[in-house]
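Note that the protein sequences, when read in sequence, are chains G and B. So in my numbering, the last spot in the first sequence is 631, and the numbers never skip. So in my numbering, the last spot in the second sequence is 407, and the numbers never skip.
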Amino acid sequence: MNPHDTEVGLSVFELGVSFCDATGDRFNALSGITAQFKPGQVTAIVGPSGSGKTTLLHCIAGILVPSSGVIRHDGVIVSSLGESARDAWRRHNCGMVFQDFRLIDELTVLENVTTPAMFGHYRVPPILRERTRTLIRDFGLPERSVPTSRLSRGERQRVALARALLMDPAIILADEPTASLDRANAASVAGTLEALATQGKAVVCVTHDDLLVSRAHEVISLKAGRMGPPAVDQFPGLRAGDLA
Amino acid sequence: MNPWPIVRAFLVRHRWAALAFVFLVAAGVSLAVALISQERALRTGSTRAADRFDLIVAAPGSPTDVLLTAVFLRPGTTKLLPPEVTVRLLNDKRAAFVAPIGFGDSHRGAPIVGTTSQLVTHLSNELQEGRVFARREEAVVGAASPMKVGETFQPTHGIPRDGNPEEDADPHEHGAMITVVGRMKPTGSPWDSAIMVPVELVWQLHSLPDGHEEGSEAVGPPFDPAQTPGVPAAVVRPTTIAAAYQLRNAYTTNDSMAFFPAEALIRLYSVMGDLRQLMSLLAIVTQALVLMAIVMGVLLLFRFLVPQLITLRALGAPRLFIAAIAWGFTATLVLAGVLLGLGAGYGLSYGVSQWLAADTGVELTPTLASSEYLIAASILATGWILALLPAYVVQRRSLAISLAES
Numbered sequence: 388m389n390p391h392d393t394e395v396g397l398s399v400f401e402l403g404v405s406f407c408d409a410t411g412d413r414f415n416a417l418s419g420i421t422a423q424f425k426p427g428q429v430t431a432i433v434g435p436s437g438s439g440k441t442t443l444l445h446c447i448a449g450i451l452v453p454s455s456g457v458i459r460h461d462g463v464i465v466s467s468l469g470e471s472a473r474d475a476w477r478r479h480n481c482g483m484v485f486q487d488f489r490l491i492d493e494l495t496v497l498e499n500v501t502t503p504a505m506f507g508h509y510r511v512p513p514i515l516r517e518r519t520r521t522l523i524r525d526f527g528l529p530e531r532s533v534p535t536s537r538l539s540r541g542e543r544q545r546v547a548l549a550r551a552l553l554m555d556p557a558i559i560l561a562d563e564p565t566a567s568l569d570r571a572n573a574a575s576v577a578g579t580l581e582a583l584a585t586q587g588k589a590v591v592c593v594t595h596d597d598l599l600v601s602r603a604h605e606v607i608s609l610k611a612g613r614m615g616p617p618a619v620d621q622f623p624g625l626r627a628g629d630l631a
Numbered sequence: 002m003n004p005w006p007i008v009r010a011f012l013v014r015h016r017w018a019a020l021a022f023v024f025l026v027a028a029g030v031s032l033a034v035a036l037i038s039q040e041r042a043l044r045t046g047s048t049r050a051a052d053r054f055d056l057i058v059a060a061p062g063s064p065t066d067v068l069l070t071a072v073f074l075r076p077g078t079t080k081l082l083p084p085e086v087t088v089r090l091l092n093d094k095r096a097a098f099v100a101p102i103g104f105g106d107s108h109r110g111a112p113i114v115g116t117t118s119q120l121v122t123h124l125s126n127e128l129q130e131g132r133v134f135a136r137r138e139e140a141v142v143g144a145a146s147p148m149k150v151g152e153t154f155q156p157t158h159g160i161p162r163d164g165n166p167e168e169d170a171d172p173h174e175h176g177a178m179i180t181v182v183g184r185m186k187p188t189g190s191p192w193d194s195a196i197m198v199p200v201e202l203v204w205q206l207h208s209l210p211d212g213h214e215e216g217s218e219a220v221g222p223p224f225d226p227a228q229t230p231g232v233p234a235a236v237v238r239p240t241t242i243a244a245a246y247q248l249r250n251a252y253t254t255n256d257s258m259a260f261f262p263a264e265a266l267i268r269l270y271s272v273m274g275d276l277r278q279l280m281s282l283l284a285i286v287t288q289a290l291v292l293m294a295i296v297m298g299v300l301l302l303f304r305f306l307v308p309q310l311i312t313l314r315a316l317g318a319p320r321l322f323i324a325a326i327a328w329g330f331t332a333t334l335v336l337a338g339v340l341l342g343l344g345a346g347y348g349l350s351y352g353v354s355q356w357l358a359a360d361t362g363v364e365l366t367p368t369l370a371s372s373e374y375l376i377a378a379s380i381l382a383t384g385w386i387l388a389l390l391p392a393y394v395v396q397r398r399s400l401a402i403s404l405a406e407s
């Protein structure tokens, strides 16, 4: 079935991205990517460096406009939206998590988590304020007045996860979310992402981490911008049936 | 949207650079503000000090020099009004009173001014304490004089220069023993620190005819035409406004000059005003350059903040939010600098006023008025407009390219 036929969830169809290199020649960063990112599932995007993993993630997030193909989410063709509309779509539908957390160290835990609410409101609405408190409590984060610079790496990634969840997005996009964590913290983050999928969210992770791949419901393997089978020996926990 | 928490965080992160920018703006604003405030304080202070000197008659020369000597009691050399002109002036019916002024002596750094009791009463608008002098060995002191009523002293020949009682003074004491009999009310002028004695005493101490018949101990008018010497200046209180102009014309001759103190002050203010305008223009140009440098500095600082800004964009922040952060960051620096500059400018003006008042005796009261607020507002507006530049540059960065770079 053409995954793009469905109106529900996030899907990409025949996605292509090309760039000009330093000499002015065009090259394909992504080509012919078709996939569906179902609600309730963790999808891992794997592949060697330079294979187009992050480019695909940025396309899904509406950060990068594809050269060809379509990105659709719940009936909205994201790839044809203007920049402002894509910003708004991303703000309300995507929660972003980064390898290096990308928190603002001088802000408190509370302020970092409420950052996405500042984009559209002068005062954080009570419902988002309450949600922030719930997230801080659920993620076992310290007092809200503590600057994030004083937190451990594991705690900082949990703050980043809480920030990604503030607007209750349907899609969680994570770029190497466990890469800078120790095994215990990486396992905790992997468990959280799995739990988010259980709550009905579509979780998409770019990762090299076999632990995270082993928890994925779907795996998209990229090589030179094209989809293909992953090197199974790189991911001992991967089951062949998991491949998208 | 609310970019202020992010702006605050970025200000904290770059606090030392931010403080340096704020101090740069504050330094420029304070200089401009202090300059304008001080010029006005000088103008109002000197106007107030000269307010009760209606018309001054002196030997031909520079009205400014005579004004500084006769009204502001600054040491200086003035030619003497010829005795015949002095006599004619002293008996002119168009004047309510004519007060000759004589200098040449001092006591503990305070100038001793020889004049008439009419001028003392006129300047003080009745005394604060005691009475006016009625004998040659009596004196009235200014409101700020440390001398007390009843105290006696011997005048020293010579007038101190630049606050140094010894310089230019031939430090021998005259034989006379003078008693303080009264104290003037504050006038806000150098006369507050002076010692006023009958002009006859000054003439007598300097071996000049003393204005009265030989052997007479009289003080004040009428003066004997045959015994009246020339004087450095005379303060004239005309009977009417018309009389003031008639006197001014009558004594503007080859042998004398007559002028209203306001005329000389206006010439001084004109020079001061031109200087203020030039300095203000320089201050504004300098400030514009400082603001441009700050804007460039902010752009450099924001290069370090690109990862955070890109993260915000990736989280869904619109370009306007990013522009608001960059604008808010720069605008806050300029606002803090302008406010600090206003305060520092007032403080600087106050300090200079205190110093000048101690040196000249002219009471100076610095204030911040609309012109200072206007220049501060102009700098603020310029800074806020220039702050759009980093806002524009920062929000223009491509999100995808920036993410790839970071």
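Ideal Cβ positions, reconstructed from N, Cα and C, are used throughout, including at glycine.
Nearest-angstrom beta carbon gap, Gln119 (chain B) and Phe104 (chain B) [assumed within contact, 8 angstroms]: If you number the second sequence from 1, residue 104 (chain B) lands on position 103. If you number the second sequence from 1, residue 119 (chain B) lands on position 118. 18 angstroms between Cβ atoms; not a contact.
Residues of its chain near Ala495 (chain B), where Cβ-Cβ distance is below 7 angstroms and the 5 sequence neighbours each way are ignored: With chain B covering only 2 through 407, there is no way to say anything about residue 495 (chain B).
Contact under 8 angstroms by Cβ, Leu522 (chain G) with Ala557 (chain G): Within the first sequence, residue 522 (chain G) is the residue found at index 135, counting from 1. Within the first sequence, residue 557 (chain G) is the residue found at index 170, counting from 1. Cβ distance not < 8 angstroms, so Leu522 (chain G) and Ala557 (chain G) don't count as in contact.
Outcome for Phe305 (chain B) when other beta-carbon atoms lying within 10 angstroms are tallied against a minimum of 16: For this step, residue 305 (chain B) is matched to residue 304 along the second sequence. Exposed: under 16 other Cβ atoms inside 10 Å.
Close-in-space but distant-in-sequence residues of the same chain around Arg136 (chain B) (CB under 8 angstroms, 5 per side omitted): On the second sequence, residue 136 (chain B) is found 135 positions in, with the first residue counted as 1. Closer than 8 angstroms at the Cβ level, and outside the excluded window around Arg136 (chain B), lie Pro199, Glu218, Val220.
Euclidean distance between Cα positions of Trp385 (chain B) and Thr331 (chain B): For the purposes of this step, residue 385 (chain B) is identified with residue 384 of the second sequence, where counting begins at 1. For the purposes of this step, residue 331 (chain B) is identified with residue 330 of the second sequence, where counting begins at 1. Roughly 8 angstroms between the two C-alpha positions.
Min CB distance Val291 (chain B) to chain G below 8 angstroms: Reading the second sequence from its first residue, position 290 is the one you call residue 291 (chain B). No, Val291 (chain B) does not count as interfacial toward chain G.
Nearest-angstrom Cβ-Cβ length linking Phe79 (chain B) and Pro233 (chain B), presumed shorter than 8 angstroms: Taking the second sequence and counting its residues from 1, the one referred to as residue 79 (chain B) is at position 78. Taking the second sequence and counting its residues from 1, the one referred to as residue 233 (chain B) is at position 232. Strictly speaking, residue 79 (chain B) in this sequence is Thr, with Phe absent from that position. Yes, they are in contact, since the Cβ atoms of Thr79 (chain B) and Pro233 (chain B) sit about 5 angstroms apart, within 8 angstroms.
Cross-chain neighbours of Ser467 (chain G) in chain B, by beta carbon under 8 angstroms: Here residue 467 (chain G) refers to the residue found at position 80 when the first sequence is read from its first residue. The contacting residues do not exist; Ser467 (chain G) stays about 17 angstroms from chain B at best.
Under the three-state DSSP convention, the category Glu167 (chain B) falls into: Locating residue 167 (chain B) in the second sequence gives position 166, where the first residue counts as 1. With a pLDDT of only 46 at Glu167 (chain B), under 50, the local geometry of the prediction cannot be trusted, and no value is derived from it.
Other residues of its chain near Ala577 (chain G): CB distance less than 7 angstroms, five sequence neighbours each side excluded: As a first step, residue 577 (chain G) must be located in the first sequence, where it is residue number 190. Closer than 7 angstroms at the Cβ level, and outside the excluded window around Ala577 (chain G), lie Thr565, Leu598, Leu599, Arg602.
Own chain residues within Cβ distance below 7 angstroms of Gln129 (chain B), not counting five before or after: Here the question's residue 129 (chain B) lines up with position 128 in the second sequence. Correct list, in chain order: Ala144, Arg184, Met185, Lys186.
Bridge partner(s) assigned by DSSP for Met258 (chain B): Here residue 258 (chain B) refers to the residue found at position 257 of the second sequence. Looking at the DSSP assignment, Met258 (chain B) forms a beta bridge with B:Ala59.
Segment limits, beta strand (DSSP E) that includes Pro111 (chain B): Numbered from its first residue, the second sequence carries residue 111 (chain B) at position 110. The displayed chain sequence assigns Ala, not Pro, to residue 111 (chain B). Looking at the DSSP string, the run of the beta strand (DSSP E) that includes Ala111 (chain B) is 111-116.
Beta-carbon proximity of Ser190 (chain B) to Ala111 (chain B), cut-off 8 angstroms: By one-based count along the second sequence, residue 190 (chain B) stands at place 189. By one-based count along the second sequence, residue 111 (chain B) stands at place 110. Going by C-beta atoms, Ser190 (chain B) is not nearer than 8 angstroms to Ala111 (chain B).
Where the alpha helix (DSSP H) containing Arg550 (chain G) begins and where it ends: Here residue 550 (chain G) corresponds to residue number 163 of the first sequence, with the count starting at 1. First-last of the alpha helix (DSSP H) with Arg550 (chain G): 540-552.
Beta-carbon proximity list for Val404 (chain G), same chain, < 6 angstroms, skipping 5 on both sides: In the first sequence, counting from the first residue as 1, residue 404 (chain G) sits at position 17. So the list reads Ala416, Leu417, Thr442, Pro453, Ser454, once near-sequence residues are dropped.
CB contact check: Met273 (chain B) to chain G, cutoff 8 angstroms: The residue you call residue 273 (chain B) lines up with position 272 of the second sequence. Judged by the 8 angstroms Cβ criterion, Met273 (chain B) is not in contact with chain G.
Exposure label - Trp356 (chain B); buried when at least 16 CB within 10 Å: Here the question's residue 356 (chain B) lines up with position 355 in the second sequence. It counts as exposed.
Stretch-stretch touch, CB-based, cutoff 8 angstroms, three pairs: the region 11-28 of chain B with the region 348-355 of chain B: no
Chain B within 8 angstroms of Ile448 (chain G), Cβ atoms only: For the purposes of this step, residue 448 (chain G) is taken as residue 61 along the first sequence, with counting starting at 1. The residue asked about is misnamed: residue 448 (chain G) is Ala in this sequence, not Ile. Chain B, which has a Cβ nearer than 8 angstroms to the Cβ of Ala448 (chain G), makes this yes.
Against chain G: residues of the region 2-21 of chain B by CB proximity under 9 angstroms: Met2, Asn3, Pro4, Trp5, Pro6, Ile7, Arg9, Ala10, Phe11, Leu12, Val13, Arg14
Stretch-stretch touch, CB-based, cutoff 8 angstroms, three pairs: the region 58-76 of chain B with the region 201-219 of chain B: no
Limits of the unbroken beta strand (DSSP E) element including Leu397 (chain G): Here residue 397 (chain G) is taken as the residue at index 10 of the first sequence, counted from 1. Note, Leu397 (chain G): beta strand (DSSP E), 397-407.
Span of the alpha helix (DSSP H), counted from its first residue to its last, around Asn499 (chain G): Reading the first sequence from its first residue, position 112 is the one you call residue 499 (chain G). Element bounds for Asn499 (chain G): 496-505.
Under 8 angstroms between C-beta atoms of Leu444 (chain G) and Phe424 (chain G): Looking up residue 444 (chain G) in the first sequence gives position 57. Looking up residue 424 (chain G) in the first sequence gives position 37. Contact flag unset, no.
Between the CA atoms of Ala33 (chain B) and Ser281 (chain B) - distance to the nearest angstrom: For this step, residue 281 (chain B) is matched to residue 280 along the second sequence. For this step, residue 33 (chain B) is matched to residue 32 along the second sequence. One Cα belongs to Ser281 (chain B), the other to Ala33 (chain B), and the distance between them is close to 6 angstroms.
Cβ-based burial, Gln39 (chain B) [other Cβ within 10 Å; buried from 16]: For this step, residue 39 (chain B) is matched to residue 38 along the second sequence. It counts as buried.
Interface residues of the region 500-524 of chain G facing chain B [CB-CB below 9 angstroms]: Thr501, Thr502, Pro503, Ala504, Met505, Phe506, Gly507, His508, Tyr509, Arg510, Val511
Chain-ordered chain G contacts of Ala318 (chain B) [CB-CB under 9 angstroms]: Locating residue 318 (chain B) in the second sequence gives position 317, where the first residue counts as 1. Under the 9 angstroms cutoff, chain G gives Asp474, Arg478, Thr502, Pro503, Met505, Phe506.
Distance between beta carbons of Ile57 (chain B) and Ile236 (chain B), contact taken as under 8 angstroms: The residue given as residue 236 (chain B) occupies position 235 in the second sequence. The residue given as residue 57 (chain B) occupies position 56 in the second sequence. Just to set this straight, residue 236 (chain B) is Val in the shown sequence, not Ile. Confirmed, Cβ separation roughly 6 angstroms.
According to DSSP, residues forming a beta bridge with Asn126 (chain B): Taking the first residue of the second sequence as position 1, residue 126 (chain B) is located at position 125. BP columns for Asn126 (chain B) are empty, so no partner.
Backbone secondary structure at Lys610 (chain G) - three-state DSSP: Here residue 610 (chain G) refers to the residue found at position 223 of the first sequence. Lys610 (chain G) falls in the strand class under three-state DSSP.
Inter-residue spacing [alpha-carbon to alpha-carbon] between Leu580 (chain G) and Gly344 (chain B): Residue numbering aside, residue 580 (chain G) sits at position 193 when the first sequence is read from its first letter. Residue numbering aside, residue 344 (chain B) sits at position 343 when the second sequence is read from its first letter. Straight-line Cα distance between these residues: approximately 55 angstroms.
Residues near His595 (chain G) in its chain [Cβ-Cβ closer than 6 angstroms; skip 5 each side]: For the purposes of this step, residue 595 (chain G) is taken as the residue at position 208 of the first sequence. Once the five neighbours on either side are set aside, His595 (chain G) has no close Cβ partner at all.
Interface flag, Leu302 (chain B) vs chain G, CB-CB below 8 angstroms: As a first step, residue 302 (chain B) is located in the second sequence; it is residue number 301 there, counting from the start. Output row for Leu302 (chain B): interface = no.
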